[in-house]
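Just below is one structure, and these are the notes that go with it.
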Amino acid sequence: MLKFEFYIQKHEEEGEGEEGEEEEGEEEEEEEEEEEEEEEEEEEEGEEGEEEEGEEGEEGEEEGEEEEEEGEEGEEEEEEEEEEGGEEEEGEEGEEEEEEEGEEEGEEEEEGEEEEGEEEEEEEEEGEEEEINK
């Protein structure tokens with residue numbers, strides 16, 4: 001009977017050992033699964049972060065392009081204003097030149113009229129003298 005008890009005890013110990021090993025194996029598997037889940041979550045968070053950074057980068061690029069376009073439009077407006085300003089200056093210069101030319105022409109006409117008037121007076125005087133002499 002001792003042999004039988006010893007045999008039973010030995011098998012029980014082996015069984016307990018197997019059960020303990022199984023429990024440890026299950027615990028290890030659970031831990032591994034938890035670690036895998038955590039890694040997957042971290043990867044997903046990383047991917048989401050990359051996507052957000054990518055979107056932010058694209059938004060930044062779009063804003064940069066918009067600012068560049070606004071800058072170009074501003075430059076074009078400045079150029080147009082400068083051209084208009086140049087045209088105004090040219091217009092003012094042209095007006096001044098026309099005024100000066102008009103004044104000169106007016107003076108020349110006055111001088112011409114005065115000379116003509118003097119010549120006519122001389123001719124009249126000569127004509128009167130001739131009549132007197134006749």
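With UniProt numbering, letter number 69 in the sequence shown gets 69, and the count goes up by one each step, no holes. Yeah, the Cβ is synthetic: ideal placement off N, Cα and C, and Gly gets one too.
Through-space distance from residue j to residue i, alpha-carbon basis
i: E128; j: E111; result: 25 Å
i: E34; j: E50; result: 24 Å
i: K10; j: F4; result: 10 Å
i: G46; j: E66; result: 30 Å
i: E69; j: E53; result: 24 Å
i: E24; j: E30; result: 10 Å
i: H97; j: G106; result: The question names His, but residue 97 in the sequence shown is Glu. One C-alpha to the other measures close to 14 Å.
i: Y100; j: G71; result: Looking at the sequence provided, one finds Glu at residue 100 rather than Tyr. Each residue's Cα considered, the two are about 43 Å apart.
i: E58; j: G85; result: 40 Å
i: G94; j: E108; result: 21 Å
i: G60; j: E83; result: 34 Å
i: E81; j: E104; result: 34 Å
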